[in-house]
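Okay, so here's the structure we're looking at.
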Ligand SMILES: Nc1ncnc2c1ncn2[C@@H]1O[C@H](COP(=O)(O)OP(=O)(O)OP(=O)(O)O)[C@@H](O)[C@H]1O
Ligand SMILES: [Mg+2]
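Protein chains in written order, with the UniProt record's numbering: chain A, 1 to 302; chain B, 1 to 374.
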């Protein structure tokens, strides 16, 4: 956590500004910025503008006849009206998956950071190991795992935890599980990075000052790992909310997420509505992230 | 709080095969200012950590008053620590750092107490800052305030003044001593600065490689060192090889390369055979060679001044004896004494009462500080 001058007391800041001469900046900074700026312009800014303008095209057009810009704001209204349910479902699933990732990932990251000793590197490799195969293949293999003839369902049925005609596959549970599994490393890695930086002597100091292990965790470890937790949450929630593979492979028509709908709309050539939904999703996520980061109080993160 | 002496009995701490603290016996009377003095790596921090409960002794027991606290969890001990590394909570303000202990114990009126404590360490204006926005010395004072505010039965201070400049350090030494006298808390103060230990402590324990070499009041340790390590680590000493030739009721007669010296029995840590004759540099006088000296003085004749350094209040000489050994002599610049120059032929003399004897089996250079940095 770096504390920049911006966190100095207000009064002092003004004083400092009054005393210090304006900082001299060479052109070097701008030259270093150039490649990144160029990249962002080409691959982020241009597509975003295209996307936003597409969302305002006349929906009467098609790929063959072309689209005309008519500032058709109605696309947004139509999109929300027709796909509001999937929209809400996406956010709920992503939220559930994120919570599950925190519950599974925090203890794991904590163990790797503080308790793993010489197994640390091995455990980190194991966390990243799933990335060695493709996202698609991994999700497909969950079909086998959760399938009606899989050992999981059989075991649960034997243990009477699942009814005789119960399923795991093709349920919201399967979709959320898939999301959780796929995005867990994105939660664990930033959390680990944050936890690993915490000086264990701070926790000792906490114990010395009458904090029980639980209190020391709550008052010292947890707040100091906030940057990792926030980063992990964003890295999990954002892609999970827009994901369509898990719902496609592990769900049913009743578990479709907004990503599936956008995918289908694009496939069907309904570009304007699809674009409108994409822009809405983006706006909603940005707004939620903004609120979340503000609430989490980690101005140091950004 | 009555009768809560801190007692360590046979405390040993091993890290693997390495013994950091070896069979330590220590009694720190309640309300005393106790200094643990020793060179880097001798086990001071480890000892404190065991008292704080952050490290469990491999063997031995630690008692506080009537309670055995050897295995008591650290957060249940009425003991607080000023850590060598400060260990301030980076995510909390200075105010909240200092309030941390009070908040845990559910104390009332936290705010006025914290403000008072910050005032005491002269950081009243800094309550709203984060630790990284303070200088090293300021952080150290926060660490002190954070521990002290809890009024523990025992306050452990691990080199709490190490990062301060000389002036502030002196000021804080006086302040600490005053606080300690006022509140009557037992202070266990770890330092490797012998001057700090001597000015502040009621009792000093000199520690070396995991064992306590000697324990006593500052004057006692200075005047009656029992090992070469203590004689060199606490102040400076001249140690000359000698043989005991005779012994009467309260004196020992010694032979040093043909010169006869006398030492009081009361200051002898070794009584027979080969010994080290010790004398502090400020107790030795220089005289032109062959000149009269007081009757009964210990005299070593035929030395040559090899180095003269003027340090204001005193002049420090190095004088080489005929057999090549160099002794230190500090002469006060009172104006009443002769001054000498490099190459002068001199005799060294001092009173027998200022002579001490140590075991010749010990290393004469143990505890000699290499170039005191300050
Ligand atoms: N956790 C540990 N594992 C292994 N060895 C350790 C451990 N802690 C301390 N030691 C060793 O024990 C010895 C004593 O360490 P300690 O920290 O008590 O020294 P110290 O007297 O406080 O020194 P300093 O004045 O430099 O702070 C050192 O040699 C150190 O290397
Ligand atoms: Mg230490």
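The C-beta atom is built at its ideal place from N, Cα and C for all residues, glycine as well.
When the options are compared against residue i, the one with the closest alpha-carbon
{"i": "residue 252 (chain B)", "options": "B:265, B:242 and B:260", "result": "B:265"}
{"i": "residue 115 (chain B)", "options": "B:104, B:312 and B:97", "result": "B:97"}
{"i": "residue 30 (chain B)", "options": "B:50, B:194, B:350 and B:66", "result": "B:66"}
{"i": "residue 216 (chain A)", "options": "A:201, A:228 and A:230", "result": "A:201"}
{"i": "residue 278 (chain A)", "options": "A:172, A:246, A:166 and A:51", "result": "A:51"}
{"i": "residue 193 (chain A)", "options": "A:58, A:204, A:230 and A:262", "result": "A:230"}
{"i": "residue 192 (chain B)", "options": "B:171, B:235 and B:226", "result": "B:235"}
{"i": "residue 138 (chain B)", "options": "B:151, B:112 and B:172", "result": "B:172"}
{"i": "residue 237 (chain A)", "options": "A:158, A:290, A:204 and A:250", "result": "A:290"}
{"i": "residue 280 (chain B)", "options": "B:233, B:311, B:354 and B:296", "result": "B:354"}
{"i": "residue 232 (chain B)", "options": "B:206, B:249 and B:135", "result": "B:206"}
{"i": "residue 262 (chain B)", "options": "B:10, B:158, B:357 and B:51", "result": "B:357"}
{"i": "residue 50 (chain B)", "options": "B:34, B:129 and B:80", "result": "B:80"}
{"i": "residue 219 (chain B)", "options": "B:197, B:238, B:46 and B:39", "result": "B:197"}
{"i": "residue 342 (chain A)", "options": "A:134, A:144, A:112 and A:136", "result": "No answer is possible for residue 342 (chain A): it lies beyond the span of chain A, which begins at 1 and ends at 302."}
{"i": "residue 207 (chain A)", "options": "B:71, B:168 and B:101", "result": "B:101"}
{"i": "residue 67 (chain A)", "options": "A:169, A:221 and A:54", "result": "A:54"}
{"i": "residue 64 (chain A)", "options": "A:270, A:186, A:287 and A:109", "result": "A:270"}
{"i": "residue 75 (chain B)", "options": "A:157, A:96, A:210 and A:144", "result": "A:210"}
{"i": "residue 273 (chain B)", "options": "B:256, B:158 and B:285", "result": "B:256"}
{"i": "residue 195 (chain A)", "options": "A:224, A:74 and A:122", "result": "A:224"}
{"i": "residue 76 (chain A)", "options": "A:286, A:281, A:174 and A:115", "result": "A:281"}
{"i": "residue 186 (chain A)", "options": "A:239, A:29, A:34 and A:110", "result": "A:239"}
Interface flag, residue i vs chain A, CB-CB below 8 Å
{"i": "residue 144 (chain B)", "result": "no"}
{"i": "residue 374 (chain B)", "result": "Residue placement at residue 374 (chain B) cannot be trusted, given a pLDDT of 35 that sits under 50; what the coordinates show is reported in the next sentence. By this cut-off, residue 374 (chain B) is not an interface position."}
{"i": "residue 7 (chain B)", "result": "no"}
{"i": "residue 54 (chain B)", "result": "yes"}
{"i": "residue 104 (chain B)", "result": "yes"}
{"i": "residue 75 (chain B)", "result": "yes"}
{"i": "residue 187 (chain B)", "result": "no"}
{"i": "residue 1 (chain B)", "result": "The predicted position of residue 1 (chain B) is uncertain, since its pLDDT is 42 and thus under 50; no value can be drawn from it."}
{"i": "residue 95 (chain B)", "result": "no"}
{"i": "residue 100 (chain B)", "result": "yes"}
{"i": "residue 91 (chain B)", "result": "yes"}
{"i": "residue 61 (chain B)", "result": "no"}
{"i": "residue 333 (chain B)", "result": "no"}
{"i": "residue 46 (chain B)", "result": "no"}
{"i": "residue 80 (chain B)", "result": "yes"}
{"i": "residue 87 (chain B)", "result": "yes"}
Integer-rounded CB distance, given that residue j should sit under 8 Å from residue i
{"i": "residue 71 (chain A)", "j": "residue 56 (chain A)", "result": "5 Å"}
{"i": "residue 36 (chain B)", "j": "residue 190 (chain B)", "result": "5 Å"}
{"i": "residue 141 (chain B)", "j": "residue 154 (chain B)", "result": "At roughly 20 Å, the Cβ-Cβ gap does not stay under 8 Å, so residue 141 (chain B) and residue 154 (chain B) are not in contact."}
{"i": "residue 93 (chain A)", "j": "residue 188 (chain A)", "result": "About 20 Å; that fails the 8 Å criterion."}
{"i": "residue 144 (chain B)", "j": "residue 211 (chain B)", "result": "Wrong, their Cβ atoms sit about 29 Å apart, outside the cutoff."}
{"i": "residue 346 (chain B)", "j": "residue 305 (chain B)", "result": "6 Å"}
{"i": "residue 241 (chain A)", "j": "residue 141 (chain A)", "result": "No, residue 241 (chain A) and residue 141 (chain A) are not in contact; Cβ-Cβ is about 23 Å, not under 8 Å."}
CB contact below 8 Å: residue i versus chain B
{"i": "residue 102 (chain A)", "result": "no"}
{"i": "residue 204 (chain A)", "result": "yes"}
{"i": "residue 113 (chain A)", "result": "no"}
{"i": "residue 285 (chain A)", "result": "no"}
{"i": "residue 211 (chain A)", "result": "yes"}
{"i": "residue 224 (chain A)", "result": "yes"}
{"i": "residue 42 (chain A)", "result": "no"}
{"i": "residue 221 (chain A)", "result": "no"}
{"i": "residue 201 (chain A)", "result": "yes"}
{"i": "residue 148 (chain A)", "result": "no"}
{"i": "residue 82 (chain A)", "result": "no"}
{"i": "residue 208 (chain A)", "result": "yes"}
{"i": "residue 4 (chain A)", "result": "Legend: pLDDT at residue 4 (chain A) = 41, less than 50; position of this residue unreliable, value from coordinates given subsequently. Taking Cβ atoms only, chain B never reaches closer than 8 Å to residue 4 (chain A), which makes this a no."}
{"i": "residue 215 (chain A)", "result": "yes"}
Segment limits, alpha helix (DSSP H) that includes residue i
{"i": "residue 147 (chain A)", "result": "Element bounds for residue 147 (chain A): n/a, residue is neither H nor E."}
{"i": "residue 294 (chain A)", "result": "271 to 296"}
{"i": "residue 218 (chain B)", "result": "218 to 223"}
{"i": "residue 172 (chain B)", "result": "166 to 183"}
{"i": "residue 267 (chain A)", "result": "258 to 267"}
Range of the contiguous beta strand (DSSP E) that encloses residue i
{"i": "residue 167 (chain A)", "result": "Counting along the chain, residue 167 (chain A) falls outside any beta strand (DSSP E), and DSSP gives it neither H nor E."}
{"i": "residue 61 (chain B)", "result": "59 to 64"}
{"i": "residue 317 (chain B)", "result": "314 to 320"}
{"i": "residue 23 (chain B)", "result": "18 to 28"}
{"i": "residue 208 (chain B)", "result": "203 to 208"}
{"i": "residue 264 (chain B)", "result": "259 to 264"}
What does the shell around ligand 2 hold, if a residue joins when its beta-carbon is under 6 Å from any heavy atom?
The set of residues with a C-beta under 6 Å from any non-hydrogen atom of ligand 2 comprises B:44, B:45, B:84 and B:158, given in chain order.
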